[in-house]
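Report on the following structure.
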Amino acid sequence: MKTHDKTAGEKLKLGIFVIAGLVLFIIGVYLIGNQQSMFGSTIRLYASFQNINGLKTGNNVRFSGLNIGTVKSISMLNDSIIVVGMAIDQKSSHHIHTGATAAISTDGLVGNMIINIIAGKNGGTAIAEGDTLLSFRKLSTDEMLSTLNVTNENAAMLTADLLKITRAINAGEGPFSTLIKDKAAAEDISLTLRNIHQTSAAALRIMQHTDQLILSLNDKNGLAGLAKDSLTANHIRSVAVNLDKTSAHLNEVVADLQSTINEIRHGKGTLNYLVNDTTLAIKVDTTMGKLDLTLDQLHQAGIKLNENLEALKHNFLFRGYFKKLEKEKAKK
Amino acid sequence: MKSILIEIGELSYFAGRFFREVGKRPFEYKEFLRQCYNMGNRSLLLVGITGFIIGLVFTLQSRPTLQEFGAVSWMPSMVGISIIREIGPIITALICAGRIGSGIGAELGSMRVTEQIDAMEVSGTNPFKYLVVTRILATTLMLPILVVLSDAIALYGSYLVENLKGDVSFQLYFNEVFGSLEFGDIIPSTVKSFFFGFAIGVVGCFKGYTCGKGTEGVGRAANAAVVYTSMVLFILDFLAVLVSDIFYDL
Amino acid sequence: MEDLSIKKPVITIRNLYKRFGDNAVLNGFDMDLFEGENLVIMGKSGSGKSVMIKCLIGLEEHDSGTINVMGKDIDDLEAEELDELRTEIGFLFQGSALYDSMSVRENLEFPLRRHTKKFGVIKDAEPLVMEALESVGLAKAIDLMPDELSGGMKRRIALARTLILKPSIILYDEPTTGLDPITSKEIVQLMQKVQQQYKTSSIIITHDVDCARAIANRMILLIDGKNYAEGSFDTLRKNHDPKIQAFFK
């Protein structure tokens with residue numbers, strides 16, 4: 001029948017129409033649900049914050065930049081702690097360990113709030129359902145901008161001050177400029193350095209001496225037992241090592257100083273001064289202090305060494321050895 | 333003013349009668365399907381073309397502004413949210429108010445005038461169930477589907493513009509669209525569409541069913557169906573925004 | 583003419599009142615319809631004839647008075663009982679009132695869908711549809727749509743749709759209005775034929791004198807909402823009351 005065929009065709013078309021609509025709707029819901037990790041198994045994690053900066057349920061949770069879940073609940077524990085619950089995709093959750101920290105930040109400059117989970121440094125076990133992550137308060141864009149503002153102001157003041165200083169230096173005012181400009185001062189420093197050089201050379205000599213001493217101590221068979229007295233030997237050895245280090249430091253310091261002074265000497269123009277100025281004063285100052293100290297220490301070390309040697313001489317075990325030494329000297 | 337209140341009262345009574353009769357057997361299954369076909373399939377072309385053009389024009393118009401801010405990459409999100417949340421449902425509903433609402437008003441009106449409704453009643457068929465319940469159910473169920481289809485077509489239109497003007501792949505475009513959408517966008521707008529469909533059906537049927545005498549009455553019924561439906565749609569849309577604001581923290 | 587007094591009344595109306603706003607349409611109308619008769623009710627347009635038969639079948643609610651159809655007071659009936667009663671009453675509407683979204687077949691099947699109590703569940707309506715169409719002589723029109731039919735054909739199809747339920751009472755609301763004289767005559771002949779074939783009692787509302795003369799066993803003149811005069815066509819015609827004469831000019 002004509003009419004019957006017509007209604008059958010209409011029903012078919014209606015069916016297609018309805019199914020098309022439903023399928024599109026379901027695809028839409030699925031895509032959105034997927035985005036919010038609504039399907040598939042998830043585990044619940046928590047993190048507490050003092051300020052959540054307008055985070056909302058449904059915001060993304062990222063781990064190393066990858067979307068792995070969403071914010072599911074936000075509840076206030078008390079006036080300063082807000083607990084945020086997150087649903088995390090089960091698969092990704094294996095890679096998050098207990099040391100991981102959660103931080104709230106923005107997606108881009110003006111985007112949505114997100115929770116970033118940052119992997120912990122020291123491994124730990126994999127997180128489990130209901131765990132609470134450590135939280136870390138990251139600067140929000142707002143705070144960042146205000147900090148930046150302060151920094152800017154500081155920088156402006158700083159450069160203004162700096163300008164004043166360099167002008168003053170160029171005009172030859174103040175002690176600092178004297179230090180930089182005065183050749184005599186540089187020569188003073190040079191002299192000091194030379195002294196240091198000498199001192200260190202002396203120290204080297206002392207050390208060599210000690211070395212010989214220790215060597216001979218080891219070599220002398222007759223005294224093997226004595227020389228191997230561990231306590232004494234260690235003592236001596238540590239003295240020697242210290243000395244070694246000290247002299248090495250000394251060498252470095254001297255080299256530094258030398259180059260600095262050279263720069264001062266040969267450097268010309270404001271720029272050079274500027275580059276060197278801040279470091280220079282400090283360097284000179286601290287180096288002097290350190291040098292003093294080092295020299296002092298060296299001195300003491302030498303005294304101690306002498307004492308040690310003296311003590312050795314008087315030690316009854318060594319007495320024979322030293323006598324032998326004297327005899328050998330006498331023979332010569 | 334008084335007549336408006338009376339009208340509202342009668343309309344509410346009419347809607348109430350729908351709920352009383354919708355559950356009663358027998359259900360006019362065949363007529364319901366016929367109406368679904370008439371309202372759904374037959375509106376699709378119109379709704380589809382409109383949706384496509386809206387998507388196209390909307391994207392073309394907002395592109396320069398976004399470009400100015402260097403935010404063209406936000407285009408899919410913006411278009412997606414505005415179409416799914418608001419433009420899709422309301423435009424589709426308005427078109428259906430024009431096409432379906434006036435159709436119902438005129439059809440029922442002329443049936444009333446030529447005593448077909450009386451004839452139905454006499455032949456033992458409840459005309460309210462046969463004519464009104466089926467039509468209201470059909471608009472209520474078909475409109476959301478039309479909205480979904482029109483949304484999809486509008487987004488496709490917008491994608492075409494983006495693809496031609498910019499260089500966005502299909503996958504990226506729709507990833508962006510659905511990435512920016514939440515259930516708070518799609519659920520209220522779907523629920524809203526059901527109400528829109530219901531409003532179109534109720535007002536159209538009310539105007540037609542209570543049509544005045546003569547050909548003039550039929551014309552007035554069809555006209556009033558469109559005007560009142562559009563008004564009701566905007567009021568509903570406003571209410572929907574308020575309500576979804578409460579349920580979803582938009 | 584048969585003696586009406588021993589005939590049993592199928593419809594009794596007493597003291598029927600109906601008003602629309604300030605306009606009192608029916609003002610204490612009384613009427614009896616006896617089994618097997620053709621009662622013609624004549625009246626001017628707007629005199630409340632149509633309203634009266636609509637009250638009769640429950641399409642309009644009357645303000646007061648009683649309407650008793652086949653021993654049942656329609657005010658006491660539940661919706662379902664009223665529907666059941668309606669299967670016994672055919673109603674031919676003024677403008678035919680064919681459902682224009684349906685074919686002739688569907689139009690005729692429509693009353694069958696619901697009145698399953700009278701016929702049981704109808705698996706194949708085709709024989710019933712054909713029978714009704716044949717009785718109005720339009721079997722070939724079965725798959726046409728109403729807008730493909732002429733006015734006379736529409737009226738006949740409407741009659742067929744009324745007949746398909748095999749009613750015992752048929753109410754004709756202006757059956758010849760809007761038709762040319764020849765078609766009117768055909769319809770009147772058809773009505774007579776149907777009455778013999780289906781053994782129905784009928785109320786015919788009309789202002790067409792030719793129709794009334796052809797079909798009336800008895801006539802009621804409805805003037806000012808009351809049954810102003812009653813009697814056979816000939817007795818009324820001979821009446822000298824100018825109000826009555828006005829109908830026959």
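Protein chains in written order, with the numbering used here: chain A, 1 to 332; chain B, 333 to 582; chain C, 583 to 831. Ideal Cβ placement from N, Cα and C applies to all residues, glycine included.
CA-to-CA, the gap between B:I436 and B:C537 works out to about 6 Å.
With at least 16 other beta carbons inside 10 angstroms of its own, B:M407 counts as buried. Looking at the DSSP output, C:I785 shares a beta bridge with C:L621, C:L753.
Under DSSP, B:V559 forms no beta bridge with any residue.
Listed as beta-bridge partners of C:D655 by DSSP are C:N650.
One finds F510, G511 in chain B with Cβ atoms closer than 7 Å to the Cβ of A:Q35, taken in chain order. B:A572 counts as buried, since no fewer than 16 other beta carbons sit within 10 angstroms of its beta carbon. B:S482 has its alpha-carbon roughly 13 Å from the corresponding atom of A:L22. In the three-state DSSP reduction, A:I127 falls in the coil class, being neither helix nor strand.
Contact of C:R668 with chain B by beta-carbon distance below 7 Å involves V454, G456. Neighbourhood of B:T446 in chain C, by CB distance below 7 Å: G677, A679, in chain order.
Its Cα nearest to that of A:V18, the residue B:P476 stands out among B:I385, B:P476, B:K497. Relative to the Cα of C:M652, the nearest Cα in the group C:I639, C:H789, C:S717, C:A661 belongs to C:I639. When C-alpha distances from C:S646 are compared across C:D665, C:M624, C:K654, C:G610, the shortest belongs to C:G610. Within chain B, V454 have C-beta atoms less than 8 Å from the C-beta of C:I639, given in sequence order. B:I413 and B:T382 have their alpha carbons spaced roughly 18 Å apart. The Cβ of C:R695 sits closer than 8 Å to at least one Cβ of chain B.
For C:M735, the enclosing alpha helix (DSSP H) covers residues 733–745. Counting the other CB atoms within 10 Å of its CB gives B:Q503 a total below 16, which places it among the exposed residues. It is roughly 36 Å from the alpha-carbon of B:I385 to the alpha-carbon of B:F350. For B:D450, the nearest CB of chain C lies under 8 Å from its own CB, placing it at the interface with that chain. Partner residues in the beta bridge of A:G69, as assigned by DSSP, are A:V61, A:I88. Counting every other CB atom within 10 Å of its CB across the protein chains shown gives C:K775 a total below 16, marking it as exposed. Bounds of the beta strand (DSSP E) holding C:G813 are 808–813. Restricting attention to A:I127, A:N112, A:K91, the CA atom closest to the CA of A:T101 is found in A:I127. Selection B:A556, B:I532, B:L568 evaluated against B:I427 yields B:I532 as nearest (Cα-Cα). C:K831 is the residue among C:K831, C:K808, C:S766 whose C-alpha sits nearest the C-alpha of C:R819. Secondary structure note for A:T132: its beta strand (DSSP E) is the uninterrupted segment 132–135.
At a cut-off of 8 Å, the C-beta of C:D604 has no neighbouring C-beta in chain B.
Contact check for B:G420 against B:G489 fails: the beta carbons are separated by 8 Å or more. Taking 8 Å as the upper bound for CB-CB distance, B:T424 and B:L478 are in contact here, some 5 Å apart.
Under a criterion of Cβ atoms nearer than 8 Å, the residues of chain B adjacent to C:D665 are, in order, G456. Nearest to C:R601 by C-alpha distance, out of C:P824, C:Q827, C:G807, C:I826, is C:G807. Contact between C:T669 and C:L747 holds: CB atoms are separated by about 5 Å, below the 8 Å threshold. Taking 7 Å as the Cβ-Cβ cut-off, the segment 473–503 of chain B approaches chain A at I477, V480, L481, A484, given in chain order.
Chain B has a Cβ within less than 8 Å of the Cβ of A:I32.
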